[in-house]
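Residue numbers (the working numbering): 7 to 379.
Glycine included, C-beta positions come from ideal geometry on N, C-alpha and C.
Given the structure is predicted, the values throughout are model-derived calculations rather than measurements.
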């Protein structure tokens, strides 16, 4: 599982995932397109995505009345979130329960969430656990996370860290952000699983890159527990404390060749040949707004052979020490606390990519409305 988690998040273009604090996963499964073949389902989903909630509600109402479990769940989400109508937790529970009893996993998960919190229905953690369990066994990731949380807390079920870790693991394998963070903490503390700081780092890294604030704090604490490492700096700039304007000034002062500098894009592109040995292109990427703090910096190195790649990695090791985590021989991660340094060797492309990532701002660079490189 950990290789899959690591590769899923290593240098991929991640989009920010909305989540709700450290409690149960909120709005566990909203409207989505499965394999719709009927026109009303497609029209409803499109209306929802374009903000026409009234049209979506009308279409889902008709589908729900004909027995469609997904439409029942979707109506519950509209009432739960107050989209296109006044929020009504009682009506949300009504539709979530109907969806759950129709056998729809998202409805089971959402109904369980309402039962656990006592929203729109009498609080009943035991019944919530039963519905979470049914949905979790159907593979619903938010239900898997929520069930794990109940086992961790001993709420509605007997307290059992091993069972909690098992459910977190299943949800984490599906990239459920809260589960990645909780399982990372379990590996860090040795709760329900053997203590393993490398696995903890990988899981917390995956959650932090999606903006999970607690995972960011855990990474910083993990870094502080290990050997002291130097700060991540490029061209005299401390990456966790600089912005677009200051970084551009530093790069211009170093004589870097500009390929593109445009505030309309998240990334400025530079040719760093001659300034960084073995390197070719560098992208400096920023969070939106002012002063536009650094989100990540990516540098590509030509690496025709594994020997060349290993030489670059060895130089990184001389600077930052032993990697905090490794995966498959080609991926390495250094946890510097407020900055993560990741190296990936891609032999088919004869390339080694090096990324300096600032977890507190990285996820902001992945918002879909921003232009990508």
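Residue 278 is classed as buried because its beta carbon has at least 16 other beta carbons within 10 Å across all chains shown. In this structure residue 329 does not touch residue 320 by the C-beta definition: roughly 11 Å separates them, more than the 8 Å allowed.
According to the DSSP assignment, residue 304 belongs to the beta strand (DSSP E) that extends over 300 to 308.
Residue range 357 to 363 is occupied by the beta strand (DSSP E) that includes residue 363. Membership of residue 341 in the beta strand (DSSP E) is indicated by the continuous run 337 to 341. Of all C-beta pairs linking the stretch 367 to 374 to the stretch 287 to 304, three or more are shorter than 8 Å, placing the two stretches in contact. Counting only the Cα atoms, residue 192 lies some 40 Å from residue 91.
In this structure, the CA atom of residue 172 is about 12 Å from the CA atom of residue 143. Residue state for residue 287 is assigned as strand, using DSSP reduced to three classes. Look at the beta carbons and you see the stretch 309 to 323 not touching the stretch 210 to 217: under three pairs across the two are nearer than 8 Å. DSSP lists no beta-bridge partner residue for residue 158. Exposed is the label assigned to residue 45, since fewer than 16 other Cβ atoms lie within 10 Å of its Cβ. Residue 98 and residue 86 do touch by the CB rule: their CB atoms are close to 4 Å apart, below 8 Å. Under the criterion of beta carbons closer than 8 Å, residue 82 and residue 116 qualify as touching, at roughly 6 Å.
In this structure, the CA atom of residue 289 is about 36 Å from the CA atom of residue 54. Here residue 362 is not near residue 315, since their CB atoms are 8 Å or more apart. Residues of the same chain with a CB within less than 6 Å of the CB of residue 274, apart from the 5 flanking positions on each side, are 267 and 290 in chain order. In chain order, 344, 345 and 364 place their CB closer than 6 Å to the CB of residue 246, counting only its own chain and leaving out the 5 sequence neighbours on each side. In the DSSP assignment, residue 266 falls outside any alpha helix (DSSP H) and lies within the beta strand (DSSP E) extending over 263 to 266. For residue 168, same chain residues with a beta-carbon under 7 Å away, outside a window of 5 residues either side, are 198 in chain order. Less than 8 Å divides the Cβ of residue 138 from the Cβ of residue 118. By the neighbour-count definition (other C-beta atoms within 10 Å, threshold 16), residue 56 is an exposed residue. Take the alpha-carbon of residue 69 and the one of residue 140: they are about 24 Å apart.
The Cβ-Cβ distance between residue 206 and residue 232 does not fall below 8 Å.
If you ignore the 5 residues before and after residue 251, its C-beta comes within less than 7 Å of the C-beta of 297, all in its own chain and listed in chain order. In the structure shown, residue 345 adopts coil according to DSSP, grouped into three states.
Exposure of residue 71 is indicated by the presence of fewer than 16 other C-beta atoms within 10 angstroms of its C-beta. Between the C-alpha atoms of residue 257 and residue 269 there is a straight-line separation of about 16 Å.
For residue 226, no beta strand (DSSP E) segment is defined; the enclosing uninterrupted segment is the alpha helix (DSSP H) at 219 to 231. Cβ-Cβ separation between residue 204 and residue 331: approximately 4 Å, consistent with a contact (criterion under 8 Å). Bridge partners of residue 350 according to DSSP: 337 and 359.
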